[in-house]
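Peer 1: This is the structure I want to talk about, given as structure tokens.
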Amino acid sequence: MDYEYAPLRLPSNVDRLTAAAQLAIQAEFSGWELARVRLYRDGTRQVMLRRRRVNQPQPGLSY
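Residues in the sequence shown are numbered consecutively from 1, following UniProt numbering.
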């Protein structure tokens, strides 16, 4: 399968519940799923989202 990826960087002041809510909204309305999360020492998170490529356009990420 062919996927498209979208990297996100969440700052350290975003708590875990808020991050989960933001990612759930992206998953529900734009078709993204969580591929990987990296937590750094300074508290920032690097999130990699992915979704299957399709021929018709899909909504992008909203920041």
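Each residue gets a CB set at the ideal place from its N, CA and C atoms; glycine is no exception. Bear in mind the structure is a predicted one, so any value in this text is a computation, not a measurement.
Quick check on R38: does DSSP put it in helix, strand or coil?
Peer 2: Reduced to three states, the DSSP call for R38 is strand.
Peer 1: Give every residue of the same chain whose Cβ lies closer than 6 Å to the Cβ of R38, excluding the five residues on either side of it in the sequence, and list them in chain order.
Peer 2: Excluding sequence neighbours, R38 sits near Q46.
Peer 1: Taking the Cβ atom as the reference point for each residue, do Y3 and R51 lie within a distance shorter than 8 Å?
Peer 2: yes
Peer 1: Please work out which residues of its chain come closer than 7 Å, Cβ to Cβ, to L10, disregarding the five sequence neighbours upstream and downstream, and give them in chain order.
Peer 2: Contacts found: A19, T44, R45 and V47.
Peer 1: How big is the Cα-Cα spacing for P49 and L23?
Peer 2: What sits at residue 49 in the sequence shown is Leu, not Pro. Between L49 and L23, the C-alpha separation is close to 9 Å.
Peer 1: Quick check on residue 64: does DSSP put it in helix, strand or coil?
Peer 2: Residue 64 falls outside the range modelled here, since the chain spans only 1 to 63, and no answer is possible.
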